[in-house]
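For reference, the structure is listed below as structure tokens.
Numbering (our numbering), first residue to last: 1 to 284.
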């Protein structure tokens, strides 16, 4: 987020808060404990001054018919590209960007990204990065419990922080949690993002996860050598950032898909040079 945008926000907030209008309820407190993320209260959302710059690929943000909150529609009406929206009680959390460009491997490159907090159509505050060009917020993810995850980055997206909802009047941006719960608390996983694949694999094995054999085991399969060492390897993109998907199961009750970037794993590229975990999803 550029310095100019912060000044614009501050001036808008100042105009809104000043004057002799009717008394308003005390605004919700939005606080950041993460060094490169700023959180400020806000009463009016400004127009997106970058709206006419660059391409806006349709697959990179929510289409109008898919938006489900008043806040999401308000953000779009101001010219911002909505990437996700989440409702928690009376609150809405909307991630949005000023500019969106297409990248390799179907990725989207976001800049001037934000996460806004709203009550209905009323903005309460906004979270943004100090350096939007290098680490712009991209989207917000719903987690179990009173937490939401903030993702960001330029080429590819990584967890940057967790937004902990202490109450409707207090929300704190904190470092990413060391573990996440899934399936209504029935199981959990340590945070695996950015771990080298072989390290993440050892962590999973130590917690009882077992490799699931890939569905394609034909004689023409191009990953036979890799699957001899890693039977959980399901598929790889082969181009771009080198996505690969791996499958695991646990206690015949849970499934796990892990996505890495950096190509397929081999005995020659483990440790520091290994593919790294980009994301994962548990099936209950």
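Just so it is clear, CB atoms sit at the ideal spot from N, CA and C, and this is done for glycine as well.
Please read all numbers here as calculations on a predicted model, not as lab measurements.
Take residue 261, set aside five residues on each side of it, and the residues of its chain with a beta-carbon closer than 7 Å to its own are 156, 241, 242, 243, 275, 276, 278, in chain order.
Under the three-state reduction of DSSP, residue 205 is assigned to helix.
Secondary structure at residue 65: helix, using DSSP grouped into helix, strand and coil. Within 10 angstroms of the beta-carbon of residue 114 lie 16 or more other beta-carbons, which makes it buried.
Beta-bridge analysis with DSSP links residue 123 to 118. Per DSSP, the continuous alpha helix (DSSP H) segment holding residue 74 begins and ends at 70 to 77. Residue 226: member of the alpha helix (DSSP H) spanning 224 to 229, first to last residue. About 6 Å separates the CB atoms of residue 180 and residue 143; that is less than 8 Å, so the two are in contact. Annotation for residue 139: the continuous beta strand (DSSP E) segment containing it runs 137 to 142.
Annotation for residue 49: no beta strand (DSSP E) segment contains it, and DSSP assigns it neither H nor E. Per DSSP, reduced to three states, the secondary structure at residue 112 is strand. The alpha carbon of residue 141 has as its nearest neighbour, out of 178, 99, 175, 94, the alpha carbon of 94. Around residue 190, the same chain offers 178, 179, 203 as residues with beta carbons nearer than 7 Å, after the five sequence neighbours per side are excluded.
Counting only residues of its own chain and dropping the five nearest sequence neighbours on each side, residue 162 has a CB closer than 6 Å to the CB of 147, 149, 174, 176, 177.
Just measuring C-alpha positions, the residue of 126, 246, 236 sitting nearest residue 29 is 126. Residue 66 has its alpha-carbon roughly 14 Å from the corresponding atom of residue 96. Cβ neighbours of residue 209 within its own chain (closer than 8 Å, five residues either side excluded): 248, 249, 250, 256.
CA-to-CA, the gap between residue 61 and residue 265 works out to about 32 Å. Residue state for residue 41 is assigned as strand, using DSSP reduced to three classes.
Per the coordinates, the alpha-carbon of residue 145 lies some 10 Å from the alpha-carbon of residue 182.
For residue 198, the closest C-alpha among the options 226, 44, 128 is that of 226. For residue 279, the enclosing beta strand (DSSP E) has its first and last residue at 276 to 283. Runs of the beta strand (DSSP E) lying entirely within the segment 143 to 202 and spanning at least 3 residues, in chain order: 147 to 152, 158 to 167, 170 to 174, 179 to 182, 187 to 190. In this structure, DSSP gives residue 58 a helical state, which the three-state scheme calls helix.
Residue 224 has its alpha-carbon roughly 21 Å from the corresponding atom of residue 200. DSSP places residue 101 in the uninterrupted beta strand (DSSP E) bounded by 91 to 102. Taking all protein chains shown into account, residue 236 has 16 or more neighbouring C-beta atoms within 10 Å of its C-beta and is therefore buried. Residue state for residue 242 is assigned as coil, using DSSP reduced to three classes.
Secondary structure of residue 247 (DSSP, three-state): strand. Non-local C-beta neighbours of residue 80 in its own chain, meaning closer than 6 Å and more than five positions away in sequence, comprise 48, 96, ordered along the chain.
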